[in-house]
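**Student:** The numbering of the sequence shown is my numbering, which starts it at 269 and goes up by one. Structure provided below as structure tokens; questions to follow.
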Amino acid sequence: MLRRHRAAVHAARGFNRSSSYFDADSISRRARMVIRMHAARSIIKGFALMVSIVASPAFAQDAGAGSGAVPADGVYDMLVGTYTGGKSEGLYVYRFDTKTGDATRVSVAQTVNPSYLVVSRDRRFVYAVNELPGDNGPASQRGGVSAFRFDAASGQLSFLNKVSADGNDPCYLSLSPDGKYLLVANYSVAADPGGSFAVLPVQADGQLGASVLTVHHEGGGPVKGRQDNSHVHSTVFSPDGHYLFAQDLGADKLYSYRYTPDGSRGLFGPTDWRYTQEKPGTGPRHLVFGADGKHAYLTSELAATVSTLDYADGKLTQVQTISLTEPGFKGKVGAAAIHLSPDGRFLYATNRGDANEIVIFSVDPANGHLRKIGHQSSLGKAPREFAIDPTGKWLIVGNQNSDSVYVFRRNEQSGLLEANPKRIEIGSPVDFKLVSPS
């Protein structure tokens, strides 16, 4: 996120009078959140788009990553999201050779701060946040989400449309299991203190509609300047597709919602248990589920930890927490991304601050517990996001503040990363998605 060390909102509290509210049996008061619907016209439009689709039991969380047939030549499209304003022009497409680890630039789509991406499951569309206002923009400026048509064979992106994220500093995207909605996590909201997530309908031609539902969280935590308000940092669906988890860095909570696309219980309604409480001051950021659907893993940015959680029927129970740093480390920290290897045997997480490294864990197949097995310098500053290619041979990490990407060869047996990685020069690289062109 561009803006991390100052309060995100300064405007007076209050809602737009044209907004409607969705009362889920008055539980919003107890959960200290507000669920706000847009104008009645938008609500009607939203319900018209709802369809009764049963979620696939094993839908992929990283939509589009590695989707399609395995290319015979081992070459994938690699989409790279960045921060613009410096050396970057926007959203890049590279051809990534999984046999050699080489990357060749193909195209770039000019768009502002596309710092997080998601690809549709049919590989025809790419969605990117426009993370605004950032550090220098006016606090009242809303962020956006841009839709692009994607020709995977040629590696070309064509702009379709852009809609408001209905919040500030959008930082995460996820597609609903049925592909009907795109969810955007807004780190902050200027007009109403606290973070939010918005639900954007995905149209048949790939374009996005205006938000049909915006969920605001309230509250904060003990870390001054970082937890003065709620900050939604990611929205992740459960493996069965029936639940959504919104990780709130500011409130130290993992909020849980039921997803009912037929509208019988509202599109997204709070669960009876509302949320999983994290330790105050830890700042939960990103969540990822294991392939068996029984365990999840969480990075907490402010504490620089990774936690293991057991998952069953919409509930997360924390069972283990491990520090990303070694005993005696005194510098600044900032846990960020978290991903599993394709075979599920290893988990990786990035730690920024003064650590600037990738931390490697083995996964116990019996209970999902983690064991730290290694550290690897990212060879730059602020390694925010990274990706492991579909073959499992390479780990690609971007150093946001060093304008560099490193491609590490990965030992598939030990999980460790080999020395002497390949380097790619990209301005303020952040996010990576790999897609089969065939």
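Ideal Cβ positions, reconstructed from N, Cα and C, are used throughout, including at glycine. Keep in mind the model is a prediction, meaning the values are calculated, not measured.
#1: Would you mind reading off the limits of the beta strand (DSSP E) that contains Asp419?
#2: For Leu657, is the classification buried or exposed, using 16 other Cβ atoms within 10 angstroms of its Cβ as the cut-off for buried?
#3: Out of Ser672, Asp520, Arg678 and Arg677, which has the shortest C-alpha to C-alpha gap to Val348?
#4: Compute the Euclidean distance between the alpha carbons of Asp345 and Phe465, then round it to the nearest angstrom.
#5: How about Lys562 and Gly636: are their beta carbons less than 8 Å apart?
#6: In whole angstroms, give me the CA-to-CA distance for Lys708 and Leu685.
#7: Taking only three categories from DSSP, how would you classify Thr593?
#8: Within 8 Å, do at least three Cβ pairs link the stretch 477 to 496 to the stretch 533 to 545?
#9: Just list the residues that DSSP pairs Lys521 with in beta bridges.
#10: Decide if Thr544 is buried, meaning its Cβ has at least 16 other Cβ atoms within 10 Å, or exposed.
#11: Spatial neighbours of Ile692 within its chain, please: CB distance less than 6 Å, with the 5 preceding and 5 following residues excluded, ordered by chain position.
#12: Ignoring anything shorter than 3 residues, give me the beta strand (DSSP E) runs that lie fully in the stretch 418 to 460, in order along the chain.
#13: For Val551, which residues from the same chain have a beta carbon less than 6 Å from its beta carbon, with the 5 sequence-adjacent residues on both sides left out?
#14: Give every residue of the same chain whose Cβ lies closer than 6 Å to the Cβ of Ser760, excluding the five residues on either side of it in the sequence, and list them in chain order.
#15: Give the C-beta separation of Ala514 and Thr528 to the nearest angstrom, bearing in mind that I take them to be a contact with Cβ-Cβ under 8 Å.
#16: Considering only C-alpha positions, which residue in the set Phe614, Val338, Asp540 and Tyr360 is nearest to Gly683?
#17: From this set, Gly342, Val397 and Lys367, which residue's C-alpha is nearest Thr352's C-alpha?
#18: Where does Val277 sit, in a helix, a strand or coil, going by DSSP?
#19: How is Gly666 classed by DSSP in three states: helix, strand or coil?
#20: Quick check: the Cα distance between Asn688 and Gly369, rounded to an integer number of angstroms?
#21: From the DSSP output, in three-state form, read off Tyr674 for me.
#22: Tell me whether Asp434 is buried or exposed, calling it buried when 16 or more other Cβ atoms sit within 10 Å of its Cβ.
#23: With Thr366 and Trp662 assumed to form a contact (beta carbons below 8 Å), what rounded beta-carbon distance in angstroms separates them?
#24: What residues in its chain sit with their C-beta under 6 Å from that of Ser696, if we drop five residues either side in the sequence?
#25: Rounding to the nearest angstrom, what Cα-Cα distance links Ser468 and Leu451 in this structure?
#26: Determine the closest residue to Lys640 out of Pro651, Leu441, Ile590 and Phe418, with distance taken between C-alpha atoms.
#27: Let's test the definition: count the other Cβ atoms within 10 Å of the Cβ of Asp611 and tell me whether it reaches 16, buried, or not, exposed.
#28: Let me confirm a value: Ser216 is counted as buried when at least 16 other C-beta atoms fall within 10 Å, else exposed. Which label applies?
#29: Bridge partners of Ser464, per DSSP?
**Tutor:** Quick answer:
#1: Gly412 to Asp419
#2: Checking the sequence shown, residue 657 turns out to be Asp, not Leu. With 16 or more Cβ atoms within 10 Å of its Cβ, Asp657 is classed as buried.
#3: Ser672
#4: 29 Å
#5: yes
#6: Absent from the model: residue 708. The displayed extent of the chain is 269 to 706, so no value can be given.
#7: coil
#8: yes
#9: Asp516 and Gln545
#10: Counting Cβ neighbours within 10 Å, Thr544 comes out buried, since at least 16 surround it.
#11: Residues Ala371 and Val673 of the same chain have their beta carbon placed closer than 6 Å to that of Ile692, with the five preceding and five following residues left out of the count.
#12: 424 to 432, 436 to 443 and 449 to 456
#13: The amino acid at residue 551 is misidentified as Val; the sequence shows Gly. Taken in chain order, the residues that qualify are Leu517, Ser568, Glu569 and Leu570.
#14: Any answer about residue 760 is impossible in this case: the structure gives the chain only from 269 up to 706.
#15: Between Thr528 and Ala514 the Cβ distance is about 16 Å, and since that is not below 8 Å, they are no contact.
#16: Phe614
#17: In terms of Cα proximity to Thr352, the closest of Gly342, Val397 and Lys367 is Val397.
#18: Low per-residue confidence applies at Val277: pLDDT is 32, beneath 50, and the placement is therefore not dependable enough to give any value.
#19: strand
#20: 12 Å
#21: strand
#22: By the beta-carbon neighbour count (other beta carbons within 10 angstroms, threshold 16), Asp434 is buried.
#23: 7 Å
#24: These residues qualify, in order along the chain: Thr350, Tyr351, Gly354, Ser356 and Gln668.
#25: The sequence as given places Leu at residue 468; Ser does not occur at that position. If you draw a straight line from the Cα of Leu468 to the Cα of Leu451, it is about 6 Å long.
#26: Ile590
#27: Burial state of Asp611 is exposed, judged by a 10 Å Cβ sphere holding fewer than 16 other Cβ atoms.
#28: Past the edges of the chain, shown from 269 to 706, lies residue 216, and the structure says nothing about it.
#29: Asn454 and His484
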